[in-house]
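*Asks:*
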Amino acid sequence: MMTPSELDGGDQLQRRELTVDLEAFVHRDTLPRLHTLPSLSQHRIDQENGHDGLVHAASANDLLERLQTETSASPSGSNNQAETSVMADEVAMILAVALIKDAHKGIQSEFKMNLESVRSYTIYNQVVLCMLTYFFICVHHALIFFESPVDNGLTLPYYVTMMLELCCIAYYVFRLAHYSTFVDRHRFFSDMKIRMNLGLIVLIVIDLVQFAIAAKVGGHSRRYTRALRPLFIINMAENKQIRRAARNIRRTLPKVVDVLILFLLTMSIFSLISLKLFKSKSIKNFDGTPYLTQGFFENFYTLYVLVTSANNPDVMMPAYYRSRSYFIFFFLYLIICMYIFLNIILAVVYNNYKEHLRNEVCSMVLEKRKNLRKAFDLLTINQSKTRKYISFDTFRNILNRIGIRKGKTVMDIMWSVLDSTGSNKVYREDFANITEILSLRFTQEVRRKNLFEIRFPGVYNSAASMAFRRAVQGRWFRYSFDLLIVLNAILLAFNDANQLEILFITVFVIEILAKLYTFGCVNFFRKAWNVFDFIIIGTALLGSIIEVIINANKDYKSFIDIILVIRCLRLAKIMSSIERFRIILMTIGRLLPSMVTFAGILFGVYYAFAIVGMELFAGKIRDDRRHYCGDERLKNSTFIASNYCGNNFNDAVSAFILLFELMVVNQWHILAEGFVLVTSELARMYFVLFHMSCVILVMNIFTAFVIEAFILEIGTNRSTVESRVIEKIRDHEHKRCEEMGCRTGTNYSHNEGVSDFPDGDADHDDHEEYSATLCANHDVKLKYKKSTRFEDLLVRMFNDEVDIIKNNETCQNDSTLN
C-alpha cells in the first residue's frame, strides 16, 4: 500500500520541510522598509507526526511571534508588526496558489518551498516560455522535411539544419537549467526524464560533430539519433499527458510480451507443420515458385502476413486447388492465431493498460490532495481555531490569482458548491474539492440589444417583427432550410448543369440575413455553425458574382459546386437534434482532446520509423514506372504490377504516407516485398517491427482507451460535485425569481435540445450539460458543461476508485507523476 508521503518521485525522505524565504520576499516586493529588520530568512515549518505536507498552526504561530518580537525592537514596531503580518499572509498566498495550480493540473509540485523557488517556478510555467518550448520542439521535428534525403527539392545545406538543431538544443538546455533553479538538486539529477534529456542532448551533439566532420571531408555518415527526437516530446516537463501515456505503454509491455511470445511460438509450430505438410506435394504458386517449401523463416513470414489477413485467401488458393482438405490447416491456423490470439492480445492490453491507468489516477489524486492540504494550511496559517476554514474573500483572491475571472452569479454558485455546510466557511474536507470546482465550465450569456433594436426600436419591437423573430428562432425555420440543403445536395449530385444554383445561393443568403436581424451580429457569430454558413455562402455568392462578370470557365463553376456541397456538412447538426445520435456525437466531441495525447504517441512512432526507413531505403525505389522503379530486380514483381513506385522512403512526406499505408495493413506485404527485392530479406524485420509496434501495441492501447472512455462518457452518471452544481444552480435561479417576483422562464434541463432563452437559436444549440434561464423577463442565461480536460476525464473514468482513495488516502501502485 502506498501512502501520500511515498509519492515523492522516488525520494525516500520521510520528512520534508516547507521553507518560507521571507528575506527574498522583503527584498523583492513592496515593503522596502522591512529590509532593515534582522534577517528572518529560511524560517522552517517542519512536518511532524507523519502528516506529509501539513503546515501546523503551532509552527505558524511561533513564526508570527518571532516576527512580532523582532519588529517590536524597532522605533516603529507597531507599523512593522502590521506590515510583517501582511507580508507573511502574502507569502502564504503565493505558495498556496502555486500548490493549487499544480493540484488543478494534476502534477506533482516539484519546487522547493521557498519564495525564490516559487517565483522561478511561476516564470518557468509562463505561457510564453511554454509556447516557446512547443515551438522549438516543432521546429526540431520539422527539420526532417529539409534534411537529406529530400526528393522534392526542399533540401537545405547541412550546416543550416545543424544550426537550427543546435538552436533547439540550446533552448532545451535553457529550460533544463531553469528547471534546476527551483528543484532540489538530488531530485533534479535522480529524475529519469531529466537524465534522458541530458543524455539525448549529449548524443545529438556528438552525432552533429561527427556528421559535420564527415561532410567536411566528403564522406557519408548516417544520423540515426534523429530517430530519438520524439523522446523530447515525451520527456519535456510540459508534456505530462504524453509522458503519462508513454509510461503506461511501457508498463503494459511485459504482460503483452508474454502473450506475444506464446503467439509467435504457436505461429512457429504452424510454420513447421506447413513446411512438412507441403514439402513433398510439388505444389507451385501461380507464378511458378515453390509453395511454402522455401524454408522455415519464409513460411513463418508468410503465415505472419496471413494473420494480418493481408494475403488471404491468396496464400491458400494453390493448396486449395490441389485438395480442399488443405483448407482445414488454414482454418485452424486463422481461428487460433487471428481470432483467438489477437483478441487475447487486445484483452491483455486493455486489462493491463486500464490497471496502470488506474494507478496513475490514484497517484494523481493523492498528489492533488497532498498539495491542497499544504495550500489549506498555508492559507489558514494565522488562524488559531481548532477547526480552520477558508473565507469567501480568500476564495475570490485565489481565483483572481489563478486567472479565473467569473461574474458574481457564477462566483456565488462556485462558492456555495464548495461550502457544503452552508456556514459561509469552507473547511479542510471541502477545500479538497476546489480543483473540481476550477474545472467546471460556466458561461453566462446576457442578452444584448442588437443594432436594429438600438437604431429602430419601434420597428424591431413591433408585433410583426416579433412574430418574424419567433419564426426564425423556431424549429420549423431550421427544418425548412435543412430540407433545402438536402434538396440542393441531390440536385448537385444528379444535375451537372445545376441551373438552380443561383436560386439556392439567394435563399441561403436570405436565411443568413434573417438570422442577423433576429440575433444581432454578436450572438450570430458566437455560434460556430453560423460562422461556417457565413463563410461558405459568402464565398459561393462572391464566386457566383465573379463568374457572371468574367464568364468563368467550367472548372471555376465546379469550385462553386464544391463550396455548396461542403455546406451540406451542416446536416450533421440534424443528427445532433436526435437524442441517440446527439449522445454519441457529444461523447466523440469530449474524447477528441484526449485523443490528441495518443496522436502524439503515434506521431513519435511514425517519426522514429520514418527516420530509420529513410536511412535504410532512401533511393532504393524511385517513382519511375517506365524503368521498374529504378531497379531491374523489381521487374515482373507484384510491386511493379500494383504501380507502387511512388511508395518509397525518398523523403519525409513519402515515408509518412508509406507508414500510414502499412498501418492500414491492406497490401502491406506487397509494399514490404518491394524493398526486400532491392535490399535483402532482413528488410522484412523493419516492416514486421513496425506492424507489432504500431498496429498490435499502440493501436490496441488506443482502442482500449476509447472503449473505456466511451463507455464512461455515454453514461449519465455525475460526480458528487457536478450534482451539487446543478442543485445550486437550480436553487440560485429559484431564489432570484422569487426576489424579482416573477415566474421561472424555463424548466431546468439536462441535455435538452432547444433553449427558450430570448435569443436562443433553435438551429444551433450548444446541448450543454445543464442550462437555466433566470426568469421569464430576465435576460441572463447560465450554462454549465462538463470539463473536457484529460485529467478530469481520467478521474471520471475511475470515479469509484477515486472516492475510495479520498476516504483511505492510500492506493496500491508504484507510479510516480514525474
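Counting in the UniProt record's numbering, the sequence shown runs from 1 upward without gaps. Every residue, glycine too, gets a C-beta built ideally from N, C-alpha and C.
(1) Return the Cβ separation of K635 and F675 in integer angstroms, given the expectation that the two are a contact with Cβ distance under 8 Å.
(2) Output the boundary residues of the alpha helix (DSSP H) element that contains V676.
(3) Which residue spans inside the segment 189 to 262 form an unbroken beta strand (DSSP E) run of at least 3?
(4) Assign Y389 to one of three DSSP states: helix, strand, or coil.
(5) Pull up the distance between the alpha-carbon of I201 and that of V209, whole angstroms please.
(6) With H, G and I counted as helix, E and B as strand and the rest as coil, what does DSSP make of P593?
(7) Can you list, in chain order, the residues of its chain with a C-beta nearer than 7 Å to that of I283? Leave out the 5 residues immediately preceding and following it.
(8) Can you grab the Cα-Cα spacing for the pair E298 / L277, in whole Å?
(9) I want to check one thing, is the minimum distance from the CB of N650 to the heavy atoms of the ligand SAM below 8 Å?
(10) Rounded to the nearest angstrom, how far is the Cβ of T181 from that of S271, given a contact under 8 Å?
(11) What residues match up with F111 in a beta bridge as DSSP calls it?
(12) Suppose the cutoff is 6 Å on Cβ atoms and the five residues either side in sequence are ignored; what does the same chain contact list for H56 look like?
(13) Tell me the rounded alpha-carbon separation between Y179 and I137.
(14) When you compare only the Cα positions, how much space is there between E661 and Y644?
(15) Determine contact between the segment 184 to 197 and the segment 153 to 161, defined as no fewer than three beta-carbon pairs at a distance below 8 Å.
(16) If you follow the alpha helix (DSSP H) that C521 is in, where does it begin and where does it stop?
(17) At which residues does the alpha helix (DSSP H) containing M131 begin and terminate?
(18) Can you give me the C-alpha to C-alpha distance between A489 and D482, rounded to a whole angstrom?
(19) Pick helix, strand or coil for V55, following the three-state DSSP scheme.
(20) F687: which of Q126, D102, A655 sits nearest, CA to CA?
(21) I'd like to know whether the C-beta atoms of I502 and S462 end up nearer to each other than 9 Å.
(22) Whether or not the segment 450 to 460 and the segment 422 to 441 are in contact is what I'm after, with contact meaning three or more pairs of Cβ atoms, one per stretch, closer than 8 Å; do they touch?
(23) Between I169 and I123, which are expected to be in contact by the criterion C-beta below 8 Å, what is the C-beta distance as a whole number of angstroms?
(24) What does the Cβ neighbour count give for F111, buried or exposed, with the cut at 16 atoms within 10 Å?
(25) Is it the case that the Cβ atoms of N700 and L334 are separated by a distance below 9 Å?
(26) Just how far apart, CA to CA, sit L54 and L99?
(27) Helix, strand or coil: which one does DSSP assign to K284?
(28) Strictly by DSSP, which residues pair up with P290?
(29) Could you work out which residue in Y517, T506, F524, L253 is closest to G538 when comparing CA atoms only?
(30) Give me the Cα-Cα distance between I604 and P230, rounded to the nearest whole angstrom.
(31) Relative to the C-alpha of C233, which residue among N312, S268, D287, V139 is closest?
(32) Assuming F534 and I512 form a contact by the criterion Cβ under 8 Å, report the distance between their Cβ atoms to the nearest whole angstrom.
(33) Straight-line CA distance for L591 to I584?
*Replies:* The relevant details are as follows:
(1) 15 Å between Cβ atoms; not a contact.
(2) Where V676 is concerned, the enclosing alpha helix (DSSP H) stretches over 668 to 678.
(3) None, since the segment 189 to 262 contains no complete beta strand (DSSP E) of that length.
(4) DSSP places Y389 in strand when its eight states are reduced to three.
(5) A straight-line Cα-Cα distance of about 12 Å links I201 and V209.
(6) If DSSP states are grouped into helix, strand and coil, P593 belongs with the helices.
(7) Leaving aside the five residues that flank I283 on each side, the residues in its chain whose CB is nearer than 7 Å to its CB run, in chain order, Y291, P318, A319, R322.
(8) The straight-line gap from Cα to Cα measures roughly 15 Å.
(9) The model on display carries no ligand, and the ligand SAM is accordingly not part of it.
(10) The C-beta distance from T181 to S271 rounds to 58 Å, too long to meet the 8 Å contact threshold.
(11) Residue pairing by DSSP puts F111 in a beta bridge opposite V183.
(12) Confidence at H56 is low in this model, with a pLDDT of 40, below 50, so the placement of that residue should be treated as unreliable; the coordinate-derived value is given next. Excluding positions up to five away in sequence, the list is empty.
(13) Taking the straight line joining both Cα atoms gives about 17 Å.
(14) Looking at the two C-alpha atoms, the distance is approximately 11 Å.
(15) Counting Cβ pairs under 8 Å, fewer than three are found: no touch.
(16) Segment 501 to 526, the alpha helix (DSSP H) holding C521.
(17) Going by DSSP, M131 is part of the alpha helix (DSSP H) stretching over 127 to 142.
(18) Cα to Cα, A489 sits roughly 11 Å from D482.
(19) With a pLDDT of 39 at V55, under the threshold of 50, the modelled position of that residue is not reliable, and the figure given next carries that caveat. Coil, per DSSP.
(20) Looking at the Cα atoms, A655 is the closest of the given residues.
(21) No, they are not a contact pair.
(22) When C-beta atoms of the segment 422 to 441 are compared with those of the segment 450 to 460, fewer than three pairs fall below 8 Å, so the two segments do not count as touching.
(23) Going by Cβ atoms, the distance from I169 to I123 rounds to 21 Å, so no, they are not a contact pair.
(24) Buried, since its Cβ has 16 or more Cβ neighbours within 10 Å.
(25) Not a contact, by the Cβ cut-off of 9 Å.
(26) A caution first: L54 carries a pLDDT of 37, below 50, which makes its placement in the model unreliable, though a value can still be read off. Cα to Cα, L54 sits roughly 12 Å from L99.
(27) Three-state DSSP puts K284 in a strand.
(28) Residue pairing of P290 in beta bridges, as defined by DSSP: K284.
(29) The shortest CA-to-CA distance from G538 to any of Y517, T506, F524, L253 is the one to T506.
(30) Here residue 604 is Gly; the residue named in the question, Ile, does not match the sequence. One Cα belongs to G604, the other to P230, and the distance between them is close to 5 Å.
(31) First, the amino acid is wrong: residue 233 is Ile here, not Cys. Distances from the CA of I233 to each of N312, S268, D287, V139 were compared; the closest alpha carbon is that of V139.
(32) Cβ-Cβ separation between F534 and I512: approximately 6 Å, consistent with a contact (criterion under 8 Å).
(33) Computed Cα separation, rounded: 11 Å.
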